[in-house]
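Participant: One structure, pasted below without further comment.
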Amino acid sequence: MMDTPSGRIAQDTGEFNQVQGPSRGPLWGVAAFALLGAIFSAVSTNDFMQHLDRQVHSIHCSFIPGAGAELGESGCRTVMMSPYSSFFRESLWGGIPVSLWSLATFAFLAYRALLLAFKRSATRAEAGFLLLATGLPLGMSVLYGALAMFKVGASCKVCVGIYVASIGAFVAALLAWRRLSAAAQGPASRSPYVLWFAEGVGFVVVLTLVYLAAIPGSAAGPKPGSCGSLVQGDDPAGVMVELSSRGKVPAIEVVDPLCPACRGFEARLAASPLQSRLALKGVLFPLDSTCNWMVTETLHPGACAVSEAILCAQGLGSDKDPEGARRLLSYALKHQEELRAAAQKDEAALRARLERDFPKVKGCLGGTAVKNKLTKSLRWAVANAIPVLTPQLFVRDRRLCDEDTDLGLEYTLRRAIAQTDTKAGKK
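All you need for this note's numbering is the position in the sequence shown, starting with 1, plus 155.
In structure tokens form, the structure reads like this:
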């Protein structure tokens, strides 16, 4: 070190430590894992943004970034459509995807790691801040991994790629911090830490502003109710199933218990805080030609039998058991694949299974009374001229557009509730 006043100070205090090969290697590792995480995050964000036009697009679901685009159902689609994939969904159609902030965070980590790797000298404090910064995506990976496993019930390969990148970046940052001399503590002032933190916030803010500017104008979609309304929403035949009575805003869900899209919709609606404002009832509409004359080909085998069982569980008379119907519907949604496969082989065996698992429906399932009740449920759909598809949601008799029942559910539902509250207040 040069014998200058500044050099002597650095030598005496040990404030700086030259970044040699043993320390530089882990820093390159942090940068590499951060770039990998940024790539996975960018792929996820791009898939999310494509769906902001309210149309159906393929979603990349592969451990190889950018590969494995799938149009049908996949774990990545399930995770993306879940309410945990974005923030501010009630204020913005689709919300701000968490993958966008993941992209900003990984970009910041790559910048800090490369800056330290190329510097002639670095402090242990700088490496310590980098270690703390890598702890953010690591912690979020643990949180979102738990949500995917226990709440969403699906895994996303792109998400797993982000988790691996987060772990790798943290381990590499820990090695870099440990290999720097303990004497190289860095400045006592807090100013550099505030500046470094502000840099990270700046990455997030700038990328968020770019995202907001790039959102297509069509994302907001039509006004609630512009996709149709019920001719007569009352229930004189008593065919509806009480799904939730916590709220005051009347809503009707048209559901097929063996419909995969219905299962996803039920999960999104259950996770939404807005469900508590709905007095939600369900109308069974099985897409099964065994009982539904409106479909020429059975889409969900066994849906008629399960629908009958739900009506039996609720009770056909005046003494209703809504909780029993909800339990059977929840069971059917959870075991859709098994029930459809069983019905495909032998519907009689499926009915026997339902009677075994839910003894209350025995003696009712398959009887004339419940078949007539299910027929009345289908006639309710005919009387209201609803489309032959599931799921559908009506809020105060006004139908939410199909495109607004996934990413835009919270935004559109909030507007629909506010609109109906305003109209109710004027009466």
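Even for Gly, the Cβ is constructed at its ideal location relative to N, Cα and C. It should be emphasised that the depicted structure is a prediction, and the values quoted were computed from it without experimental measurement.
If contact is defined by three or more beta carbon pairs under 8 Å, each pair taking one atom from either stretch, is the region 254 to 272 in contact with the region 186 to 202?
Facilitator: yes
Participant: Give the DSSP-derived three-state secondary structure of residue 567 in the structure shown.
Facilitator: helix
Participant: For residue 327 and residue 280, what's the separation of their Cα atoms in angstroms?
Facilitator: 16 Å
Participant: CA-CA distance, residue 312 and residue 194?
Facilitator: 13 Å
Participant: Measure from the alpha carbon of residue 466 to the alpha carbon of each residue in 571, 481 and 277, then state which is nearest.
Facilitator: Residue 481 holds the alpha-carbon nearest to the alpha-carbon of residue 466 among 571, 481 and 277.
Participant: Is the region 212 to 222 touching the region 552 to 564 in the sense that three or more CB pairs, one from each, lie closer than 8 Å?
Facilitator: Below 8 Å, too few C-beta pairs join the region 552 to 564 and the region 212 to 222 to call them touching: fewer than three.
Participant: Measuring only the C-alpha atoms, how far is residue 545 from residue 219?
Facilitator: 34 Å
Participant: Mapping DSSP to helix, strand and coil, what is residue 540?
Facilitator: coil
Participant: Taking residue 432 as the reference, give the member of 301, 387 and 551 with the closest Cα.
Facilitator: The shortest C-alpha separation from residue 432 is found at 551.
Participant: For the putative contact between residue 429 and residue 565, defined by C-beta atoms under 8 Å, what is the C-beta separation to the nearest angstrom?
Facilitator: 6 Å
Participant: Report the residue from 204, 521, 359 and 296 whose alpha carbon sits nearest the alpha carbon of residue 457.
Facilitator: Looking at the Cα atoms, 521 is the closest of the given residues.
Participant: For the alpha helix (DSSP H) holding residue 405, just list the boundary residues, first then last.
Facilitator: First-last for residue 405: 404 to 410, but that is the beta strand (DSSP E), not the alpha helix (DSSP H).
Participant: How far does the alpha helix (DSSP H) with residue 488 in it extend, from its first residue to its last?
Facilitator: Start and end: 477 to 489.
Participant: Tell me the DSSP secondary structure of residue 574 in three-state form.
Facilitator: helix
Participant: How about the region 266 to 278 and the region 445 to 459: do they share at least three Cβ pairs that are nearer than 8 Å?
Facilitator: no
Participant: Spell out the partners DSSP gives residue 554 in its beta bridges.
Facilitator: 549
Participant: Helix, strand or coil: how does DSSP classify residue 317 here?
Facilitator: helix
Participant: At the level of alpha carbons, what is the spacing between residue 338 and residue 331?
Facilitator: The predicted position of residue 338 is uncertain, since its pLDDT is 46 and thus under 50; a value taken from the coordinates is nonetheless stated next. Computed Cα separation, rounded: 14 Å.
Participant: Would residue 303 pass as a contact of residue 296 if the rule is Cβ separation under 7 Å?
Facilitator: no
Participant: Straight-line CA distance for residue 549 to residue 447?
Facilitator: Going from the Cα of residue 549 to the Cα of residue 447 covers about 21 Å.
Participant: Measuring CB to CB, does residue 256 end up less than 7 Å from residue 359?
Facilitator: yes
Participant: Measuring straight from C-alpha to C-alpha, what distance separates residue 392 and residue 201?
Facilitator: 48 Å
Participant: Using a Cβ distance threshold of 8 Å, determine whether the region 460 to 478 contacts the region 392 to 407, with at least three qualifying pairs required.
Facilitator: yes
Participant: Taking the alpha carbon of residue 494 as the point to measure from, which residue in 426, 556, 226 and 512 has its own alpha carbon closest?
Facilitator: 512
Participant: Please classify residue 439: does DSSP put it in a helix, a strand, or coil?
Facilitator: DSSP, read as helix, strand or coil, puts residue 439 in strand.
Participant: Measuring only the C-alpha atoms, how far is residue 301 from residue 307?
Facilitator: CA-to-CA, the gap between residue 301 and residue 307 works out to about 9 Å.
Participant: Starting from residue 106 and walking both ways along the beta strand (DSSP E), at which residues does that stretch end?
Facilitator: Outside the shown range of the chain (156 to 582) lies residue 106, about which nothing can therefore be said.
Participant: Does DSSP classify residue 533 as helix, strand or coil?
Facilitator: helix
Participant: If you follow the alpha helix (DSSP H) that residue 230 is part of, which residue opens it and which one closes it?
Facilitator: 230 to 236 is the extent of the alpha helix (DSSP H) around residue 230.
Participant: Of the choices 248, 476 and 287, whose alpha-carbon is the least far from that of residue 516?
Facilitator: 476
Participant: When DSSP labels each residue in this structure, what does residue 370 get in the three-state scheme?
Facilitator: In this structure, residue 370 counts as coil in the three-state DSSP scheme.
Participant: Are residue 286 and residue 350 closer than 7 Å when you measure CB to CB?
Facilitator: no
Participant: Can you give the Cα-Cα distance for residue 317 and residue 198, rounded to whole angstroms?
Facilitator: 11 Å
Participant: How should residue 538 be labelled, buried or exposed, when 16 other C-beta atoms within 10 angstroms of its C-beta is the threshold for buried?
Facilitator: When all chains shown are included, residue 538 counts as exposed.
Participant: Less than 7 Å separating the beta-carbons of residue 442 and residue 464?
Facilitator: no
Participant: With 16 as the cutoff for other CB atoms within 10 Å, does residue 462 come out buried or exposed?
Facilitator: buried
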